[in-house]
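Visitor:
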Amino acid sequence: MSTRRFAPFLTIALFVIGMKVWAQQPTGAIGGRVVDSTQAVVPGAEVSAHNLETGLTRNGISNEEGLFRFPALPAGRYDLTVNMQGFKKVVISNIKLDVGSIVDQTVVLEIGQVTEQVTVEANINTVNTISPDLGAVVGEQMVRELPLNGRNFVQLAGIQSGVVPDTHGRSTAGGINRRSGIAVAISGSRPSSTAFIFDGIPFKEHFYGAPGTLQPIDSIQEFKVQKGFFTGRYDSAGVINLVTKSGTNRVHGTIWEFFRNDNFDARKFFDVGKLPEFRQHQYGFETGGPAIRNKLFWFASYEAVRFFRIGQGFATVPSVAWRNGDLSSVKTPIMDPLTGQPFPNNQIPSTRFAPFTKQFLDEGFIPPPTPGRENLAFNYTGQAPTVQDDDKWVWRGDYVKSDKDKFFGRAIYSKSSLVARSPLKGLDDDTPLRGTNVVLNWTHVFTPRLLVDGRVGLNRSWMALALLPSRDTDPIWSQQFKINNINTSTLCNFPPSADIAGIGRFGGRGDCIRPIDNDYYYMADLNYTRGKHQMAFGFTVVDKFIQQLAASWTQGAFSFTGSPSGGMFILKISIG
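Residue 641 in my numbering sits at position 229 of the sequence shown; the count goes up by one each step and never skips.
Here you go:
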């Protein structure tokens, strides 16, 4: 076991490189230039950005260069309004602002009365001409409508170029991951080099590099896969930047149920008779609305997964004759390791069985062949049921105090249990998962040129891999087999493992893993506009606690190669 406590560390960054300083925030930015019909700049124009769903309004004034900027805007749809004495009022309607995106809009004013209005439907250039960031936004419609087996949002990230999912071999047949999520490698980097950011707070677990919490995909408004050249804000090879849905001035909600069973499945090659039982339910809801119109909003979401499948497992086990020491069917002489002479008729007396071997068989770790399959290569078959229960909750509240102050808080909690049985005793899995992610955010506008965005957050993940469901009730296997000087922890209470050349592995699993992450984040960004320059100052303080238990072959591993006896079933031969 290893425990690491990281003292809080401080990161400070200064950027004077244009608008792209907001490109990796959990928000977006709207900016541009105000000009007249001759393309001359118009300073002093009143500019406002109005969120069509929540009523949030941000006001500003074009500077001496005719430029205006609205950083740290929540993703959504906006109307941009420009007023200037001696010119007609211009409204650019329905601007779609995505997470991590920058909308650069040139507003052309026409001479006229202020009471006159020109309304233009937004037609934003989708080609990023401002920053070198590469990436694509996965919007709400795509999140909602694309079919996903298991409904994990990271599956959608995998459809982007240069993004490769990495499950570490831990996904069930139903596509539901046993761990907290699916790690991804971006642009050829390691999966651990990808940053997952949820509402401005990292939510990655450190053992596999996957998301630290499970969340209903219907609670995600959108996310952006970012790659390419970043500012100094992140040191990751790639960033997956997510935004939770929030309440709006309109009450809305969705209820869903996704259902699969064996009646819809095709027959597999080895299926005999009735198809193995299979049930998969994913059901839940998301809803949100106003508590106080244009001021206070709420949002909540819940999803449950109930997964049950009976699989058919196959294994090669020694025949009944071999179990009794009768290896007369083996043409190779079976040598007595004590005398160097062959056993008569390749039959081993029961008095020569090692105590470990006898007990290993008596405990049932090596079963006899299934009746009727004695002469087949895979002569043992049994049922291998898998049961998984997931529960995921999301809560969010937004408060718009004024056009200068906006607050929001969001909490995610998920728990999951998966028990995957094996047809062979001792090879069962019990994989519990827990995840919590919390963020509190405050955005304050001091002046149209100066804005601060601060947040605090918690990311906690706990998981355990390859534990036995019966670890609390089983005997201490090291004591049971009289194996001294090894791990006696009930957490990793595996039976010993026996690896028999030419047959297979029996007994307990090799790995026992339990990583725990507790990360506390304190972050702030200050954005300042001066002429054509955008300056951003920021700091991040992280209080990180990581505890990892990672043990292998905790109760002993025995390998039988057949030498020096020359036999395959050396497990039955005493070596002392």
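Where a beta carbon is used, it is the ideal one built from N, C-alpha and C, also for glycine.
F957: which of I928, S971 and W965 sits nearest, CA to CA?
Guide: I928
Visitor: Hey, out of D865, K827, R861 and P781, whose CA is closest to F819's CA?
Guide: D865
Visitor: Does the distance from the CB of V511 to the CB of P438 come in under 8 Å?
Guide: yes
Visitor: Any idea if I888 is buried or exposed, counting beta-carbon neighbours within 10 angstroms, 16 or more meaning buried?
Guide: exposed
Visitor: Might you give, ordered along the chain, the residues of its own chain that have their beta carbon closer than 8 Å to the beta carbon of P754, omitting 5 neighbours on each side?
Guide: P745, I746, M747 and D748
Visitor: Can you list, in chain order, the residues of its chain with a C-beta nearer than 6 Å to that of V576? Leave out the 5 residues immediately preceding and following it.
Guide: A597
Visitor: At the level of alpha carbons, what is the spacing between P767 and S573?
Guide: 58 Å
Visitor: CB Q692 to CB E715, shorter than 8 Å?
Guide: no
Visitor: Let's test the definition: count the other Cβ atoms within 10 Å of the Cβ of R867 and tell me whether it reaches 16, buried, or not, exposed.
Guide: It counts as buried.
Visitor: If we count the other Cβ atoms within 10 Å of its Cβ and call it buried at 16 or more, is L788 buried or exposed?
Guide: exposed
Visitor: Touch check for the region 698–710 and the region 719–728: three-plus C-beta pairs under 8 Å?
Guide: no
Visitor: Less than 8 Å between the CB atoms is what I'm expecting for V549 and F565, so what's the real figure, rounded?
Guide: About 13 Å; that fails the 8 Å criterion.
Visitor: According to DSSP, simplified to helix, strand and coil, what is F755?
Guide: DSSP places F755 in coil when its eight states are reduced to three.
Visitor: Kindly indicate which three-state DSSP category P797 falls into: helix, strand or coil?
Guide: strand
Visitor: Considering only residues of the same chain and omitting the five flanking positions on each side of L862, which have a CB-CB separation below 7 Å?
Guide: Y940
Visitor: Starting from N568 and walking both ways along the beta strand (DSSP E), at which residues does that stretch end?
Guide: The amino acid at residue 568 is misidentified as Asn; the sequence shows Leu. Per DSSP, L568 belongs to no beta strand (DSSP E); it is in the alpha helix (DSSP H), F565 to A569.
Visitor: Looking at T782: is its Cβ nearer than 8 Å to the Cβ of T798?
Guide: no
Visitor: Within 10 angstroms of its Cβ, does G472 collect 16 or more other Cβ (buried), or is it exposed?
Guide: So G472 ends up on the buried side.
Visitor: Just verifying my parser: in three-state terms, what is the DSSP assignment at R591?
Guide: Any reading at R591 needs caution, since the residue's pLDDT is 49, under 50, leaving its predicted position unreliable; the model's value is listed next. It is coil, neither helix nor strand.
Visitor: Just how far apart, CA to CA, sit G920 and M875?
Guide: Across the structure, G920 and M875 are spaced so that their CA atoms are roughly 20 Å apart.
Visitor: For M875, list the residues DSSP reports as bridge partners.
Guide: L845
Visitor: Below 8 Å between beta carbons: does that hold for G847 and L626?
Guide: yes
Visitor: Just the Cα atoms here: how many angstroms apart are F795 and A832?
Guide: The identity of residue 795 in the sequence shown is Gln, whereas the question assumes Phe. Taking the straight line joining both Cα atoms gives about 11 Å.
Visitor: For T666, list the residues DSSP reports as bridge partners.
Guide: E698
Visitor: First and last residue of the beta strand (DSSP E) that includes D516?
Guide: I514 to L521
Visitor: DSSP on W965, reduced to helix/strand/coil?
Guide: coil
Visitor: According to DSSP, what are the bridge partners of C904?
Guide: DSSP lists no partner for C904.
Visitor: Let me check understanding here. Comparing Cα to Cα, which of D738, A823 and P779 lies closest to Q759?
Guide: For the residues D738, A823 and P779, the minimum Cα distance to Q759 belongs to D738.
Visitor: Applying the criterion that 16 or more other CB atoms from any shown protein chain within 10 Å of the CB defines a buried residue, is I523 buried or exposed?
Guide: exposed
Visitor: Determine contact between the region 619–639 and the region 797–816, defined as no fewer than three beta-carbon pairs at a distance below 8 Å.
Guide: yes
Visitor: Throw me the rounded Cβ distance for the E377 and M496 pair, which I believe falls under 8 Å.
Guide: In this structure the chain extends from 413 to 988, so residue 377 is not present and cannot be described.
Visitor: Leaving out five residues before and five after S828 in sequence, what residues of the same chain have Cβ atoms less than 6 Å from its Cβ?
Guide: D802 and L845
Visitor: When you compare the CB positions of R822 and D611, do they come within less than 8 Å of one another, or not?
Guide: yes
Visitor: By how many angstroms is the C-alpha of A936 removed from the C-alpha of A962?
Guide: 35 Å
Visitor: Buried or exposed for G440, please, with buried defined as at least 16 other CB atoms from any protein chain shown within 10 angstroms of its CB.
Guide: buried
Visitor: Are the CB atoms of I895 and P907 nearer to each other than 8 Å?
Guide: no
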